[in-house]
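Numbering (the working numbering), first residue to last: -10 to 133. We put the CB at the ideal spot given by N, CA and C, even for glycine. Here the structure is laid out as structure tokens; the discussion comes afterwards.
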Amino acid sequence: MFYWELPVYQKARELVIGVDQLIKQLPNKPQTWVISRQLFDAVTSIGANIAEGRGRHIGKEYERFLYYAQGSANEADHWLRTMKDCSVGPVAEVERLQALNVEVLKLLSATMSSLRRKRLQGDAKALREENVEYEMEPIEDVPF
-10 MFYWELPVYQ
0 KARELVIGVD
10 QLIKQLPNKP
20 QTWVISRQLF
30 DAVTSIGANI
40 AEGRGRHIGK
50 EYERFLYYAQ
60 GSANEADHWL
70 RTMKDCSVGP
80 VAEVERLQAL
90 NVEVLKLLSA
100 TMSSLRRKRL
110 QGDAKALREE
120 NVEYEMEPIE
130 DVPF
């Protein structure tokens, strides 16, 4: 499955589009510039980390990038709460985006749990060398 087919990635993209539409409605003020930039960076980072991690196709690596995505989703939650607290933007739309972000967090958590479970059961893809015993011939005529 490609990263763009993953439900968690699709939900993260939906969040990006919603945040983009919200930002375009905000007044042109210094505080909204800061909040908008931070929020947009956070939500775009979610999908980017899902895509990069999925591209590695290795359990622990993929899981690590999902943790980064989770951190970005938590940061996005912070900025959405800040918008609400500072009365920046329409409250109903901010709350809708918060709910969408919670869905992303739940999907990330479920995906990480599944990967962890597979890894612990030994089902995750991993790069490793099989146990092999090496034999060496005695070296006698070496000039060092």
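Report the rounded CA-to-CA distance for residue i versus residue j, giving the unit in angstroms.
i, j, result
"V91", "V23", "23 Å"
"L104", "L28", "28 Å"
"G44", "Y51", "8 Å"
"M(-10)", "T71", "36 Å"
"I39", "Y(-2)", "7 Å"
"A115", "V80", "Because A115 sits at a pLDDT of 48, beneath the cut-off of 50, its placement in the model cannot be relied upon, and the following sentence gives the value as read from the coordinates. Rounded to whole angstroms, A115 to V80 spans 46 Å at the Cα level."
"I6", "G111", "38 Å"
"E64", "A37", "15 Å"
"S61", "T33", "9 Å"
"I166", "P(-4)", "An answer regarding residue 166 cannot be provided, because it is not within the stretch -10 to 133 covered by the chain."
Which residues in the same chain have their Cβ closer than 8 Å to the Cβ of residue i, if we skip the five residues on either side of it in sequence?
i, result
"Q59", "L94, L97, S98 and M101"
Whose C-alpha, out of the options, is nearest the C-alpha of residue i?
i, options, result
"G180", "M(-10), N17 and E52", "Outside the shown range of the chain (-10 to 133) lies residue 180, about which nothing can therefore be said."
"R53", "V83, E41, Q10 and K107", "E41"
"Y57", "E(-6), C75 and I35", "I35"
In chain order, what residues of the same chain lie with their CB nearer than 7 Å to the CB of residue i, ignoring the 5 residues before and after it?
i, result
"Q87", "D66 and L69"
"S25", "I12 and L15"
"E82", "L11"
"E3", "L89"
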